[in-house]
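Below is the structure:
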């Protein structure tokens, strides 16, 4: 047996027309299942409407304040550990680099100085190569365009970092609508 | 639904701790009630209410003052409870741990109180038969008199989705209620009885 639209009408709070009421009554006379749902809903709806609100046990606000203090101290503790961790990591990295360099210097001072001199020469030669490249382009690209491109690349990089940070921040609080 | 004065809300928005305590004092009952109706356990409801206020505290800067505060607050509570229910695999409702109920308007006799308590237990067990979002819609509709639009706004649904969810929930609850009653007694149907209106 087709129970639609009678179940819709039974459970709806919309006002029914005279024809709809008559059709529903006729259906209820012949449909045991809808009759049961109708009588159950007629009993249940007032119970739902009269259901009181339950209260928390006394002292809820004090417990909330304690919870807030605990959460704040937990957050502070976490921030503290994060700073200690980052500092330790940076310090350890610097220490490892320093020890390695110092070790090389102590093992073979002459080789170490030559290696550093080589690096210095490489840096200077790279600088001159770059200068040549830039000067060879300078006749075709105006200096303002070049500076503009430089700032544009910097701006795009900055905006990308900003976008990533904002995306991360907002995706964390997506449940707060 | 109780509403906090706009001045207090402004102070809360500015990060005033005392104003926030007043907010917790004002809204503890509706938030706890929603959490209890959703989760069915007083201890879990207490934890969920505390967590709701914590989320409100941390995200008060995201609150849009054009929206009713109670809708925003209860939507946070409802979303948190829905998340909690999804984490659960089985819902176990203890009928012995019913929290304090508001006294009825007229003081009933012991028999009436007993029936009231029994009805409340049955209502709570009916709610557990619904899926989390349908349950939230029913609680907001019957306990807070929210309109379809307010429920839709709180649960991030459309009004028509709320209507259909409420219809489905009513049908499920009526069937469960009928089955529960059937265990106690079988109603005798009188010939030509019309029970519709």
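Chains as they are written, first to last, in this note's numbering: chain E, 1192 to 1368; chain X, 3 to 199.
Note that the Cβ used here is the ideal one computed from N, Cα and C, for glycine as well.
Here the structure is a predicted model, which means the values were calculated and not measured.
Residue i touches chain E at which residues, Cβ-Cβ below 7 Å?
{"i": "residue 163 of chain X", "result": "By Cβ distance, chain E contributes nothing, its closest Cβ being about 15 Å from residue 163 of chain X, past 7 Å."}
{"i": "residue 202 of chain X", "result": "This structure does not reach residue 202 of chain X, given that chain X is present from 3 up to 199, and the question cannot be answered."}
{"i": "residue 149 of chain X", "result": "Ordered by position in chain E, no residue passes the 7 Å Cβ test against residue 149 of chain X, which lies about 12 Å from the chain."}
Using a Cβ cut-off of 9 Å, pull out every chain E residue sitting near residue i, in sequence order please.
{"i": "residue 30 of chain X", "result": "1246, 1247, 1251, 1252, 1255"}
{"i": "residue 56 of chain X", "result": "1255, 1258, 1259, 1262"}
Please report the distance separating the alpha-carbon of residue i from that of residue j.
{"i": "residue 108 of chain X", "j": "residue 31 of chain X", "result": "No answer about residue 108 of chain X holds up, because its pLDDT of 48 lies below 50 and its placement is not dependable."}
{"i": "residue 1347 of chain E", "j": "residue 1288 of chain E", "result": "33 Å"}
{"i": "residue 1251 of chain E", "j": "residue 140 of chain X", "result": "25 Å"}
{"i": "residue 1339 of chain E", "j": "residue 1313 of chain E", "result": "29 Å"}
{"i": "residue 1207 of chain E", "j": "residue 79 of chain X", "result": "36 Å"}
{"i": "residue 114 of chain X", "j": "residue 174 of chain X", "result": "27 Å"}
{"i": "residue 33 of chain X", "j": "residue 1274 of chain E", "result": "37 Å"}
{"i": "residue 1205 of chain E", "j": "residue 1358 of chain E", "result": "44 Å"}
{"i": "residue 1229 of chain E", "j": "residue 1216 of chain E", "result": "11 Å"}
{"i": "residue 119 of chain X", "j": "residue 47 of chain X", "result": "19 Å"}
{"i": "residue 1300 of chain E", "j": "residue 1261 of chain E", "result": "56 Å"}
{"i": "residue 18 of chain X", "j": "residue 59 of chain X", "result": "10 Å"}
{"i": "residue 1334 of chain E", "j": "residue 1326 of chain E", "result": "10 Å"}
{"i": "residue 172 of chain X", "j": "residue 15 of chain X", "result": "39 Å"}
{"i": "residue 10 of chain X", "j": "residue 84 of chain X", "result": "29 Å"}
{"i": "residue 8 of chain X", "j": "residue 1248 of chain E", "result": "28 Å"}
{"i": "residue 148 of chain X", "j": "residue 73 of chain X", "result": "9 Å"}
{"i": "residue 1280 of chain E", "j": "residue 1354 of chain E", "result": "27 Å"}
{"i": "residue 55 of chain X", "j": "residue 1255 of chain E", "result": "8 Å"}
{"i": "residue 1361 of chain E", "j": "residue 1263 of chain E", "result": "21 Å"}
{"i": "residue 1316 of chain E", "j": "residue 1270 of chain E", "result": "45 Å"}
{"i": "residue 1197 of chain E", "j": "residue 1225 of chain E", "result": "8 Å"}
{"i": "residue 1291 of chain E", "j": "residue 1283 of chain E", "result": "12 Å"}
{"i": "residue 1221 of chain E", "j": "residue 1194 of chain E", "result": "11 Å"}
{"i": "residue 1218 of chain E", "j": "residue 1210 of chain E", "result": "12 Å"}
{"i": "residue 1356 of chain E", "j": "residue 124 of chain X", "result": "49 Å"}
Does any residue of chain X have a CB that is nearer than 8 Å to the CB of residue i?
{"i": "residue 1258 of chain E", "result": "yes"}
{"i": "residue 1214 of chain E", "result": "no"}
{"i": "residue 1228 of chain E", "result": "yes"}
{"i": "residue 1209 of chain E", "result": "no"}
{"i": "residue 1312 of chain E", "result": "no"}
{"i": "residue 1240 of chain E", "result": "yes"}
{"i": "residue 1202 of chain E", "result": "yes"}
Counting only beta-carbon atoms, is residue i nearer than 8 Å to chain E?
{"i": "residue 180 of chain X", "result": "yes"}
{"i": "residue 135 of chain X", "result": "no"}
{"i": "residue 121 of chain X", "result": "yes"}
{"i": "residue 35 of chain X", "result": "yes"}
{"i": "residue 169 of chain X", "result": "yes"}
{"i": "residue 98 of chain X", "result": "Reliability fails at residue 98 of chain X, whose pLDDT of 49 lies under 50, so the model's placement of it is uncertain and the value that follows must be treated cautiously. No, because no Cβ of chain E sits closer than 8 Å to the Cβ of residue 98 of chain X."}
{"i": "residue 27 of chain X", "result": "yes"}
{"i": "residue 125 of chain X", "result": "yes"}
{"i": "residue 51 of chain X", "result": "yes"}
{"i": "residue 108 of chain X", "result": "Legend: pLDDT at residue 108 of chain X = 48, less than 50; position of this residue unreliable, value from coordinates given subsequently. No, no contact with chain E."}
{"i": "residue 23 of chain X", "result": "yes"}
{"i": "residue 93 of chain X", "result": "In this predicted model, residue 93 of chain X has a pLDDT of only 48, less than 50, meaning its place in the structure is not dependable enough to derive any value."}
Measure how close the beta-carbons of residue i and residue j come, nearest whole angstrom, since I'm counting them as under 8 Å.
{"i": "residue 69 of chain X", "j": "residue 145 of chain X", "result": "20 Å between Cβ atoms; not a contact."}
{"i": "residue 121 of chain X", "j": "residue 1238 of chain E", "result": "5 Å"}
{"i": "residue 1202 of chain E", "j": "residue 82 of chain X", "result": "Actually they are not in contact, since the Cβ atoms of residue 1202 of chain E and residue 82 of chain X sit about 29 Å apart, beyond 8 Å."}
{"i": "residue 76 of chain X", "j": "residue 36 of chain X", "result": "6 Å"}
{"i": "residue 42 of chain X", "j": "residue 129 of chain X", "result": "7 Å"}
{"i": "residue 1303 of chain E", "j": "residue 1311 of chain E", "result": "Incorrect: roughly 13 Å between the Cβ atoms, too far for contact."}
{"i": "residue 179 of chain X", "j": "residue 1253 of chain E", "result": "Contact flag wrong, Cβ pair sits at about 39 Å."}
{"i": "residue 88 of chain X", "j": "residue 44 of chain X", "result": "The Cβ separation is near 21 Å, so there is no contact."}
Taking Cβ-Cβ distances shorter than 7 Å, what residues in chain X pair up with residue i?
{"i": "residue 1232 of chain E", "result": "172, 176"}
{"i": "residue 1154 of chain E", "result": "Residue 1154 of chain E is absent from the structure shown; chain E starts at 1192 and stops at 1368."}
Check whether the Cβ of residue i lies closer than 7 Å to any heavy atom of the ligand ATP, and answer yes or no.
{"i": "residue 81 of chain X", "result": "Only the bare structure without any ligand can be found here, which leaves the ligand ATP out of the picture."}
For residue i, go through chain E and note every residue whose CB falls closer than 8 Å to its CB, in chain order.
{"i": "residue 203 of chain X", "result": "Because chain X is modelled from 3 through 199, residue 203 of chain X falls outside the range shown and cannot be assessed."}
Determine, for residue i, whether the minimum Cβ-Cβ distance to residues of chain C falls below 8 Å.
{"i": "residue 1236 of chain E", "result": "This model lacks chain C altogether; the protein chains it does include are E and X."}
Whole alpha helix (DSSP H) elements within the region 31–92 of chain X, 4-residue minimum = Those alpha helix (DSSP H) runs which fall completely within the region 31–92 of chain X and span 4+ residues are 44–61, 71–89.
At 4 residues or longer, and completely inside the region 1201–1273 of chain E: list those alpha helix (DSSP H) runs for me, N to C.
-> DSSP runs (the alpha helix (DSSP H)) wholly in the region 1201–1273 of chain E: 1209–1221, 1223–1241.
Unbroken stretches of the beta strand (DSSP E), 3 residues or longer, contained in the region 1316–1343 of chain E = Annotation: the region 1316–1343 of chain E contains no complete segment of the beta strand (DSSP E) (minimum length 3 residues).
Segments of 3+ residues assigned as beta strand (DSSP E) that fall wholly inside the region 1274–1311 of chain E | Every candidate beta strand (DSSP E) stretch fails here, since none sits fully inside the region 1274–1311 of chain E while reaching 3 residues.
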